[in-house]
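Novice: The sequence shown begins at 0 in numbering that gives the first Met the number 0 and counts up one residue at a time.
Positions of the beta carbon are idealized from the N, C-alpha and C atoms, including for glycine.
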Amino acid sequence: MTNNRETPIEIGKEEFRKIGYELIDIISNFYDTINTRPVTTGESPEEIKNILGSSSLPEFGMPADELVSKASDLLLNHSLLNGHPKFLAYITSSPVPIGALADLLAAAVNPNVGANILSPMATAIEKQTVKWLTEFIGVSPTYGGILVSGGNMANFTAFLAARTAKAPGIKEEGFKNTSDDLVLYCSKTTHTWIEKAAILFGHGSKSIRWIPTDAENKMNNEILRHKIEEDIKNGKKPFLVIGTAGDVSTGVVDNLSRIADICKTYNLWFHIDGAYGIPAAVIPDLNFIFNGFTEADSIALDPHKWLYCPLEVGCTLVKNPQHLTDTYSSHPVYYNFSTTDDESSVNYYEYGFQNSRGFRALKVWMALQHIGKRGYIKMINEDIELSKFLFELAKTHTELEAVTQNLSITTFRFVPKGLSSNNKEKETYLNTLNEMLLGELQKGGEVFLSNAVVFEKYCLRSCIVNFRTSRKDIEEIVEIVVREGRKLHSRLQKS
Ligand SMILES: Cc1ncc(COP(=O)(O)O)c(C=O)c1O
Numbered sequence: 000m001t002n003n004r005e006t007p008i009e010i011g012k013e014e015f016r017k018i019g020y021e022l023i024d025i026i027s028n029f030y031d032t033i034n035t036r037p038v039t040t041g042e043s044p045e046e047i048k049n050i051l052g053s054s055s056l057p058e059f060g061m062p063a064d065e066l067v068s069k070a071s072d073l074l075l076n077h078s079l080l081n082g083h084p085k086f087l088a089y090i091t092s093s094p095v096p097i098g099a100l101a102d103l104l105a106a107a108v109n110p111n112v113g114a115n116i117l118s119p120m121a122t123a124i125e126k127q128t129v130k131w132l133t134e135f136i137g138v139s140p141t142y143g144g145i146l147v148s149g150g151n152m153a154n155f156t157a158f159l160a161a162r163t164a165k166a167p168g169i170k171e172e173g174f175k176n177t178s179d180d181l182v183l184y185c186s187k188t189t190h191t192w193i194e195k196a197a198i199l200f201g202h203g204s205k206s207i208r209w210i211p212t213d214a215e216n217k218m219n220n221e222i223l224r225h226k227i228e229e230d231i232k233n234g235k236k237p238f239l240v241i242g243t244a245g246d247v248s249t250g251v252v253d254n255l256s257r258i259a260d261i262c263k264t265y266n267l268w269f270h271i272d273g274a275y276g277i278p279a280a281v282i283p284d285l286n287f288i289f290n291g292f293t294e295a296d297s298i299a300l301d302p303h304k305w306l307y308c309p310l311e312v313g314c315t316l317v318k319n320p321q322h323l324t325d326t327y328s329s330h331p332v333y334y335n336f337s338t339t340d341d342e343s344s345v346n347y348y349e350y351g352f353q354n355s356r357g358f359r360a361l362k363v364w365m366a367l368q369h370i371g372k373r374g375y376i377k378m379i380n381e382d383i384e385l386s387k388f389l390f391e392l393a394k395t396h397t398e399l400e401a402v403t404q405n406l407s408i409t410t411f412r413f414v415p416k417g418l419s420s421n422n423k424e425k426e427t428y429l430n431t432l433n434e435m436l437l438g439e440l441q442k443g444g445e446v447f448l449s450n451a452v453v454f455e456k457y458c459l460r461s462c463i464v465n466f467r468t469s470r471k472d473i474e475e476i477v478e479i480v481v482r483e484g485r486k487l488h489s490r491l492q493k494s
């Protein structure tokens, strides 16, 4: 390299190559041994703090090889490993290995995907990725969109597009001249992003109409219709209905075609939060569950959930992408980013919240090609089959109760033998027992589950978005849960 300037930042070609190879060796060994490691070491924040050390900001730099080795050691040996085959908690996937290489390449080139002129190839790749995602889930190619950091942001991005479309004037006047109160509707199972959105965007949490669910835990669409009519009668201004395609707790998909009809009748924006579940629409036999989703004005989906991409990447799709630019576009004099007549030219800063934007599209683009649609169908199907397998094992086990199974989420609980027959006392005890059991399991490091409260039962929850999990893992998880459940129950009985 011909560069006369001496800076503490450069790493010479040979050194970069050597350290890079070493790091790749460390990572490939990590992938290869991930199933032999604990899911988590269970170290407390205090212990982690001590391992990290409390040295002050370094005055002078340190050699890159030492630093890479230090960082690798800290992260590989003291992290919770969501790539572990027995990590089935929340909705964070095992990350696809090609995603790690994609992030390295993206950081090396460092395109700013806010404007086409700053990132010609990266912008084209993001555009193609968004198009492939519409093909993947099977909506019309008229949908366009943008990649964002995750599910919350994907839903927020759509929320504001809905508001711009259904409350004309709000962009210029704000709420000042909106004599009618804008209100919105969603099932009581909707993820917490909606509360954040209503509060942060100035509507207030009372603008949310939480619609109860029916016996199948889907939004009760009769109550939805009734509530909309009541609000209209009372001078409110309904603008948005949110259907969920895979609710965060139990994986239930709302009756989307009914919601679509209701939205048409009352001229409301129909948004689907498919952050978790919508990729399952790729499976031909499951497509019927999502019936009506192609009617949505906007859809949120998360490649960092069931498309197994490394964090962070979500996606907002909008049927008429003009609603995004109507909401987010601005043209300050200091930007020479005007789009050309060439319709391929997109400035992504006009499609969402961010201005400077990283190249998160690359990992999705590479994963979609590395795995292919067929590969995804296989893996998503297998995740669902494993979830059903867990449900069946829980159903037939005398000390487990299987509670729900939808998409790849199973909820169940430990129910020790010989409990008192007083129902209320028993339920209270079971809730406490399972909550404590979850804590023990999470600390133990053998398996990592999360929780769901279903029909007032505190349940253990497994969400399989994990291509490493096998039937053997599921059998072992059942054994671990029962073993730890028995131990805990016996301890509680003694005390
Ligand atoms: C249905 C649903 N929507 C939104 C989110 C939020 O996604 P993120 O954590 O990526 O912001 C989640 C997260 O689990 C979810 O399950």
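Relative to the alpha-carbon of K170, which residue among V281, H322, G144, I479 has its alpha-carbon at the smallest distance?
Specialist: Along the sequence shown, one-based indexing puts residue 170 at 171. The shortest C-alpha separation from K170 is found at H322.
Novice: DSSP on A299, reduced to helix/strand/coil?
Specialist: Walking along the sequence shown from the start, residue 299 turns up at place 300. A299 falls in the strand class under three-state DSSP.
Novice: For the 8 Å Cβ check, are there 3 or more pairs between the region 323-331 and the region 59-73?
Specialist: Contact between the region 323-331 and the region 59-73 is absent, because fewer than three Cβ pairs lie under 8 Å.
Novice: Is the separation between the beta-carbon of I97 and that of A366 shorter than 8 Å?
Specialist: For the purposes of this step, residue 97 is taken as residue 98 along the sequence shown, with counting starting at 1. For the purposes of this step, residue 366 is taken as residue 367 along the sequence shown, with counting starting at 1. It is a contact, given that the beta carbons lie within the stated cut-off.
Novice: Anyone know if the C-beta pair for V252 and L306 falls short of 8 Å?
Specialist: As a working note, residue 252 is residue 253 in the sequence shown. As a working note, residue 306 is residue 307 in the sequence shown. Taking 8 Å as the Cβ cut-off, V252 and L306 do not qualify as a contacting pair.
Novice: D272 bridges to which residues according to DSSP?
Specialist: The sequence position of residue 272 within the sequence shown is 273, counting from 1. T243, A299.
Novice: In terms of residue numbering, what span does the alpha helix (DSSP H) encompassing G374 cover?
Specialist: Against the sequence shown, residue 374 aligns to sequence position 375. 360-395 is the extent of the alpha helix (DSSP H) around G374.
Novice: Hey, how far is the Cα of L80 from the Cα of F466?
Specialist: For the purposes of this step, residue 80 is taken as the residue at position 81 of the sequence shown. For the purposes of this step, residue 466 is taken as the residue at position 467 of the sequence shown. Going from the Cα of L80 to the Cα of F466 covers about 14 Å.
Novice: Contact defined as beta carbons within less than 8 Å: I believe N501 pairs with D272. What is the distance between those atoms, to the nearest angstrom?
Specialist: Missing from the structure shown is residue 501; the chain here goes from 0 to 494 and no further.
Novice: Nearest-angstrom Cα distance between W192 and G417?
Specialist: To locate residue 192, count along the sequence shown from 1; it is residue 193. To locate residue 417, count along the sequence shown from 1; it is residue 418. Each residue's Cα considered, the two are about 41 Å apart.
Novice: Check this for me: beta carbons of G277 and F289, under 8 Å apart or not?
Specialist: What you label residue 277 is simply residue 278 of the sequence shown in a count that begins at 1. What you label residue 289 is simply residue 290 of the sequence shown in a count that begins at 1. The residue you asked about is not Gly; residue 277 is Ile in the sequence shown. Result yes, Cβ atoms of I277 and F289 sit closer than 8 Å.
Novice: So is the beta-carbon of Y307 under 7 Å away from any non-hydrogen atom of ligand 1?
Specialist: Counted from its first residue, the sequence shown places residue 307 at position 308. No - ligand 1 has no heavy atom lying nearer than 7 Å to the Cβ of Y307.
Novice: What are the uninterrupted segments assigned as beta strand (DSSP E) that are 3 or more residues long and contained completely in the region 394-450, given in chain order?
Specialist: List check, beta strand (DSSP E) in window: 399-405, 408-413.
Novice: Between the C-alpha atoms of L255 and A451, what's the straight-line distance to the nearest angstrom?
Specialist: Here residue 255 is taken as the residue at index 256 of the sequence shown, counted from 1. Here residue 451 is taken as the residue at index 452 of the sequence shown, counted from 1. The alpha-carbon atoms of L255 and A451 are separated by roughly 23 Å.
Novice: In angstroms with no decimal places, state the Cα-to-Cα distance between T6 and L310.
Specialist: Stepping through the sequence shown from its first residue, residue 6 is reached at position 7. Stepping through the sequence shown from its first residue, residue 310 is reached at position 311. If you take the alpha carbons of T6 and L310, they lie about 32 Å apart.
Novice: Helix or strand or just coil, what does DSSP make of R482?
Specialist: On the sequence shown, position 483 is the one that residue 482 refers to. In the structure shown, R482 sits in a helix (DSSP, three-state: H, G or I).
Novice: V453 and L399 look like a contact to me (Cβ under 8 Å); what is the Cβ gap, rounded to whole Å?
Specialist: Position 454 of the sequence shown, counted from the first residue, corresponds to residue 453. Position 400 of the sequence shown, counted from the first residue, corresponds to residue 399. Actually they do not touch by this definition, with Cβ atoms about 14 Å apart.
Novice: Which two residues bound the contiguous alpha helix (DSSP H) that contains T128?
Specialist: Within the sequence shown, numbered from 1, the residue matching residue 128 stands at position 129. T128 -> alpha helix (DSSP H) spans 119-136.
Novice: Do T150 and ligand 1 come close, with the Cβ less than 7 Å from some heavy atom?
Specialist: Counted from its first residue, the sequence shown places residue 150 at position 151. The question names Thr, yet the displayed sequence has Gly at residue 150. It does: the Cβ of G150 is within 7 Å (strictly closer) of some heavy atom of ligand 1.
Novice: Looking at L146: is its Cβ nearer than 8 Å to the Cβ of A360?
Specialist: For the purposes of this step, residue 146 is identified with residue 147 of the sequence shown, where counting begins at 1. For the purposes of this step, residue 360 is identified with residue 361 of the sequence shown, where counting begins at 1. Yes. Within cutoff.
Novice: How far does the alpha helix (DSSP H) with Y265 in it reach, from first residue to last?
Specialist: Looking up residue 265 in the sequence shown gives position 266. Here the alpha helix (DSSP H) through Y265 covers 255-265.
Novice: Per the contact definition of three or more C-beta pairs closer than 8 Å, is the region 457-465 in contact with the region 400-411?
Specialist: With a cut-off of 8 Å, the region 457-465 and the region 400-411 count as touching, because enough Cβ pairs lie within range.
Novice: Where does I222 fall in DSSP's three states?
Specialist: By 1-based counting over the sequence shown, the position of residue 222 is 223. DSSP places I222 in helix when its eight states are reduced to three.
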